[in-house]
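So the structure is just underneath, and the comments pick up after that.
See the structure below:
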């Protein structure tokens, strides 16, 4: 993540002036999904683009080095080579944006990626993920250790006790949720966050990135997220430095859609490699 | 090879991430046109009518200009055939139980459901509107409308007892309308048992398709007849025997002209005029959401017209920046593309928009255009106009599609003055996160519909209409039903047109009054003055008119009021209006009851006044007694006004408010000098109107007696009573631009004049066409018709959410 938010003085008057009308935002969220779609080549190209935004994620209690290795391989080769060739995209070096794992698995991921010979960054959730209800000291230590192990990006869960009491923290990227909540990335919430990112950019000139995570499973969903970013923030946010999608199963659905686009047939389960 | 070409394309798109075409196939629309051999006639009595020797006009794709079909232009005899079919069908249809009509409407809803793709592609193809809007909004809403009104028809006998269908309804639609506008009107009309003739502009196949779908249901073929022709056939349609009401949707000036033409022709006229909307953005608004409101209002192919945008000065810069950024993301293109915000609307709409932009520029305005829109002719980009000088002609003119004219305001009070300071009164939205402010603005905007923090929401259960020059015809909800009903037993309306009525001189001159014989009694009684501004005043003309009793003897003198007295009375009524509107229904009720008590105390005087006019003692006593009861009854009814609705897909209520009309002028009938006066005055006051009233011409004394009590009981200027020559006073009132409504009970000629003159400010008028009413009967003297006429509806949408 190249974006660097140098930060500003905390000015709570910005926050107090913000008005959000919930029913109006809900309406906008509905509209945005209905008003923009892409078909045919556009759909294929957009889906490939979506692949490059994915933080391919596994955050399970039973993660081991073998499934991490498989994940990393999939990150490097997200779409079957022959499909990419058919689209004349095989030389575009399409990989996912990052792989995202627990701190204890960072080592495994770095090793696997190195073995696959690629430079995809390893992102790690840290700081008492997903609740962040641990001491600041251990949370900082957790980050330090993950970085030592080779993590290039850290998804920090902020202490929501502080947020709810009005004590904010700054960041380079903001994320809708941990993906472990009952409600995760939803359009209405995203709209509010994106508008805040744009306002911050207009005020300070600094671009903050955005990462929806959790519940984005279908190729169609990913297209809707891309057009949401395009509509609310513009094309300049549509790059991995500023936009990520945290997902684990999304990639296989995208691959199925690409398969269908190229072959005109719906893929069987065994037609595509698992990740 | 194909793969490689596609591959090259994909590589480019992968880099640019641009949107591509999402074409919706319109093959089925073309196939349907083929079934008509690409020649569209009219649909009458369940059959296609394609008369010979008619001019034909091409129906074109507004974007490619391709000829899709030719349309036969109707002539008077075709209109007559359609009216005949409606007339014939009426007896069966209106005689059905409501439940059977409900079933028929439900079947039509299902028919639409089955053929929805054909409907939306055809509509989008020929109108050029974004298919997304037609598919996702119009077609589902059309089905909901049929369902909603089917339910209303089902419970009609119970819920609408005392009302009956008017008869044959004529509906005139403007060019560039959506078929949904037609559905809003035909659904309630059919539901209550009316039959309909629709005059659609040439080149609008969707209504014809709809009529065909209705016709193919088999039973009741003649209930919906569709004629394709120019709006100039409107008067022909109105003059067909049996046509009881004409509803016209279209431009303000056309509506005004039609109002004049149809004066005295018989059918009632409902007007739905203009298409401009208003958006009021305060500094506490969620600006981004309000910007989406602007998009909904002007740039999403939802509304037919443009938008006037009022922005609080303190958030002007911020709003303009966001608005301009948002405009850049809008996409225009062929309506049949599933991912465009705006289609095109043909050459006429383009020219209208272009003319407005040029004029605005020449008057010094800033014009900002943006968006991904093809630059060639039928497309018009989203346009934002600002810095228009307040007094320039463009500021007064109606804003056309797809323009937004932005002006700043300083305070909410100023915004209200600006919003209410136009002759238009259609719809508006208020954007404010301050509850009190939003509600205050919502209540005080003179509009038919107000949305709080939303724009353009619609639902079959919510009445939609307007006030002022937007016309006073309603659709949706119960108000939509009453448009096509009249109290049971009302005689059918026949033409009462007097060809030789000269509008220029009707009531212009006042015949001079001379002394009328010897005065009897102990001493000559002083003449009654005019009751204006809470006291009796001498008339401007300084002359009096004699009133004779039933034996031809002099009964007394009353003031001879004139134009200046009317002017004074209207002014007094306007001054009293804010105070009276602000009173609670309880206070109004209390005053009406106090007046009732005063009438009781004055009974003997009133009875003797009536007796001198030839009323039997017993009947006179009964008239006074009934008048007292009427006052009390309306006092009680004023407590129950408005209610809230719950609609689908909206959290929060929609309030159906009943608001006063403003200054209401009432010309009382000659008969029932006390009872008619009280029966008309009481509902007017109960609903918060202030009143200028002309009492019975033959016997004005009972009304003037009551004025003596009103002088002490009622707020100054609330009721003003002007006596004099009825034709002259009627003329003054009907032509007065600042009288908001007029009820006229007098001659047929007077009624015709009132209808003609009301075109000036398009005030709603209620005339008796020379017929007498049974004021002593509950239905005609105190029925819910009066309640409907005495107030206007406003829908206030209040979406909830935290």
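Chains as they are written, first to last, in the UniProt record's numbering: chain A, 1 to 275; chain B, 1 to 802.
C-beta atoms are modelled at their ideal positions from N, C-alpha and C, and glycine is treated no differently.
#1: Residues of chain A with CB closer than 7 Å to the CB of residue 8 (chain B), please, in chain order.
#2: Measuring CA to CA, which of B:27, B:103, B:199 and B:163 is closest to residue 120 (chain B)?
#3: Specify the secondary structure class of residue 164 (chain B) as computed by DSSP and reduced to three states.
#4: Find the residues of chain A that neighbour residue 329 (chain B), judging by a C-beta separation of less than 7 Å, and give them in chain order.
#5: In terms of residues, what are the limits of the beta strand (DSSP E) holding residue 127 (chain B)?
#6: Please list the residues of the segment 272-292 of chain B that have a C-beta atom closer than 9 Å to any C-beta atom in chain A, keeping them in chain order.
#7: CB-CB under 6 Å to residue 541 (chain B), same chain, minus the five flanking residues each way: which ones, in chain order?
#8: For a quick check, are the C-beta atoms of residue 127 (chain A) and residue 156 (chain A) less than 7 Å apart?
#9: Spell out whether any CB of chain B is found under 7 Å from the CB atom of residue 2 (chain A).
#10: Could you list which residues in chain B have their beta carbon closer than 7 Å to that of residue 235 (chain A), in chain order?
#11: Excluding sequence positions up to five away, which residues of its chain have a Cβ less than 6 Å from the Cβ of residue 218 (chain A)?
#12: In whole angstroms, give me the CA-to-CA distance for residue 164 (chain B) and residue 25 (chain A).
#13: Which word fits residue 2 (chain A), buried or exposed, when buried means at least 16 other C-beta atoms lie within 10 angstroms of its C-beta?
#14: Determine the contact status of residue 400 (chain B) and residue 356 (chain B), defining contact as a CB-CB distance below 7 Å.
#15: List, in chain order, every chain A residue whose beta-carbon is nearer than 8 Å to that of residue 22 (chain B).
#16: Any idea if residue 299 (chain B) is buried or exposed, counting beta-carbon neighbours within 10 angstroms, 16 or more meaning buried?
#17: Under 7 Å between C-beta atoms, does residue 799 (chain B) make it to chain A?
#18: Helix or strand or just coil, what does DSSP make of residue 22 (chain A)?
#19: Within its chain, find whatever has a CB closer than 8 Å to the CB of residue 260 (chain B); leave out the 5 residues flanking it on each side and keep chain order.
#20: Please name the residue in A:251, A:227 and A:117 whose C-alpha comes closest to that of residue 32 (chain A).
#21: Applying the criterion that 16 or more other CB atoms from any shown protein chain within 10 Å of the CB defines a buried residue, is residue 1 (chain B) buried or exposed?
#22: Note down, in chain order, every chain A residue with its Cβ under 8 Å from the Cβ of residue 454 (chain B).
#23: For residue 57 (chain A), which of helix, strand or coil comes out of DSSP?
#24: Relative to the alpha-carbon of residue 190 (chain A), which residue among A:232, A:153 and A:220 has its alpha-carbon at the smallest distance?
#25: Classify residue 3 (chain B) as buried or exposed, calling it buried when 16 or more other Cβ atoms lie within 10 Å of its own Cβ.
#26: How about the segment 336-349 of chain B and the segment 431-441 of chain B: do they share at least three Cβ pairs that are nearer than 8 Å?
#27: When the Cα of residue 151 (chain A) is compared with those of A:136, A:134, A:264 and A:120, which residue comes out closest?
#28: Quick one: is residue 433 (chain B) near chain A, going by C-beta distance under 7 Å?
#29: If you check the beta carbons only, do residue 90 (chain B) and residue 195 (chain B) fall under 7 Å apart?
#30: Within 8 Å, do at least three Cβ pairs link the segment 83-97 of chain B to the segment 219-231 of chain B?
#31: In terms of residues, what are the limits of the beta strand (DSSP E) holding residue 545 (chain B)?
#32: So what does DSSP say about residue 225 (chain A), is it helix, strand or coil?
#33: In chain A, what lies closer than 8 Å to residue 337 (chain B) by C-beta?
#34: Would the beta-carbon of residue 138 (chain B) fall within 7 Å of that of residue 19 (chain A)?
#35: So residue 67 (chain A) is in the beta strand (DSSP E); what residue range does that whole segment cover?
#36: In the segment 191-222 of chain A, which residues sit with their C-beta less than 7 Å from some C-beta in chain B, listed in chain order?
Per the coordinate set shown:
#1: Within the second chain, numbered from 1, the residue matching residue 8 (chain B) stands at position 8. In chain order: 88.
#2: Numbered from 1 along the second chain, position 120 holds the residue referred to as residue 120 (chain B). Minimum Cα distance to residue 120 (chain B) is reached at B:27.
#3: As a position in the second chain, residue 164 (chain B) is number 164, starting the count at 1. Three-state DSSP puts residue 164 (chain B) in a strand.
#4: As a working note, residue 329 (chain B) is residue 329 in the second chain. Within chain A, the residues near residue 329 (chain B) are 231.
#5: Translated into positions along the second chain, residue 127 (chain B) becomes position 127. Unbroken run through residue 127 (chain B) is the alpha helix (DSSP H), 116-127; no beta strand (DSSP E).
#6: 284, 285, 286, 287, 288, 289, 290 and 292
#7: As a position in the second chain, residue 541 (chain B) is number 541, starting the count at 1. Within the same chain, residue 541 (chain B) has close Cβ partners 560 and 562.
#8: For the purposes of this step, residue 127 (chain A) is taken as the residue at position 127 of the first chain. For the purposes of this step, residue 156 (chain A) is taken as the residue at position 156 of the first chain. Taking 7 Å as the Cβ cut-off, residue 127 (chain A) and residue 156 (chain A) qualify as a contacting pair.
#9: In the first chain, the residue the question calls residue 2 (chain A) occupies position 2. Residue placement at residue 2 (chain A) is flagged as unreliable, the pLDDT there being 48, under the threshold of 50; a coordinate-derived value is accordingly withheld.
#10: Your numbering for residue 235 (chain A) matches position 235 in the first chain. Correct list: 17.
#11: Counting from one through the first chain, the residue named residue 218 (chain A) turns up at place 218. So the qualifying residues of the chain are 253.
#12: What you label residue 164 (chain B) is simply residue 164 of the second chain in a count that begins at 1. What you label residue 25 (chain A) is simply residue 25 of the first chain in a count that begins at 1. Approximately 44 Å, taken between the alpha carbons.
#13: In the first chain, counting from the first residue as 1, residue 2 (chain A) sits at position 2. With a pLDDT of only 48 at residue 2 (chain A), under the threshold of 50, the placement of this residue in the model should not be trusted, and no figure is reported.
#14: For the purposes of this step, residue 400 (chain B) is taken as residue 400 along the second chain, with counting starting at 1. For the purposes of this step, residue 356 (chain B) is taken as residue 356 along the second chain, with counting starting at 1. Cβ atoms of residue 400 (chain B) and residue 356 (chain B): closer than 7 Å.
#15: Position 22 of the second chain, counted from the first residue, corresponds to residue 22 (chain B). Simply 37, 38 and 39.
#16: As a position in the second chain, residue 299 (chain B) is number 299, starting the count at 1. Classification for residue 299 (chain B): buried.
#17: Here residue 799 (chain B) refers to the residue found at position 799 when the second chain is read from its first residue. Yes, its Cβ sits closer than 7 Å to a Cβ of chain A.
#18: On the first chain, residue 22 (chain A) is found 22 positions in, with the first residue counted as 1. Note: residue 22 (chain A) maps to helix in three-state DSSP.
#19: Taking the first residue of the second chain as 1, we reach residue 260 (chain B) at position 260. The answer, listed in chain order, is 756 and 759.
#20: On the first chain, residue 32 (chain A) is found 32 positions in, with the first residue counted as 1. Comparing Cα-Cα distances from residue 32 (chain A) to each of A:251, A:227 and A:117, the minimum goes to A:227.
#21: Position 1 of the second chain holds residue 1 (chain B). Note that residue 1 (chain B) scores a pLDDT of 39, beneath 50, so its modelled location is shaky and nothing firm can be said.
#22: In the second chain, counting from the first residue as 1, residue 454 (chain B) sits at position 454. Correct list: 23, 24 and 27.
#23: Along the first chain, read from residue 1 onward, the residue named residue 57 (chain A) stands at position 57. Residue 57 (chain A) falls in the strand class under three-state DSSP.
#24: The sequence position of residue 190 (chain A) within the first chain is 190, counting from 1. Checking every option, the nearest Cα to that of residue 190 (chain A) belongs to A:232.
#25: Within the second chain, residue 3 (chain B) is the residue found at index 3, counting from 1. Caution is warranted here: a pLDDT of 49 is assigned to residue 3 (chain B), below 50, making its placement in the model unreliable, and the coordinate value is therefore given only provisionally. So residue 3 (chain B) ends up on the exposed side.
#26: no
#27: For the purposes of this step, residue 151 (chain A) is taken as residue 151 along the first chain, with counting starting at 1. Among A:136, A:134, A:264 and A:120, the Cα nearest to that of residue 151 (chain A) is on A:120.
#28: Your numbering for residue 433 (chain B) matches position 433 in the second chain. With 7 Å as the cut-off, residue 433 (chain B) counts as an interface residue toward chain A.
#29: For the purposes of this step, residue 90 (chain B) is taken as the residue at position 90 of the second chain. For the purposes of this step, residue 195 (chain B) is taken as the residue at position 195 of the second chain. In contact: residue 90 (chain B) and residue 195 (chain B) (Cβ atoms closer than 7 Å).
#30: yes
#31: The residue you call residue 545 (chain B) lines up with position 545 of the second chain. It spans 544-548 - the beta strand (DSSP E) in which residue 545 (chain B) sits, taken as one unbroken run.
#32: Looking up residue 225 (chain A) in the first chain gives position 225. Note: residue 225 (chain A) maps to helix in three-state DSSP.
#33: If you number the second chain from 1, residue 337 (chain B) lands on position 337. Near residue 337 (chain B) there are no residues of chain A at all, since even the closest Cβ is about 10 Å away, more than 8 Å.
#34: For the purposes of this step, residue 138 (chain B) is taken as residue 138 along the second chain, with counting starting at 1. For the purposes of this step, residue 19 (chain A) is taken as residue 19 along the first chain, with counting starting at 1. Not in contact: residue 138 (chain B) and residue 19 (chain A) (Cβ atoms no closer than 7 Å).
#35: Start at 1 with the first residue of the first chain, and residue 67 (chain A) comes out as number 67. Looking at the DSSP string, residue 67 (chain A) is not in any beta strand (DSSP E); the run it does join, the alpha helix (DSSP H), is 65-76.
#36: 195
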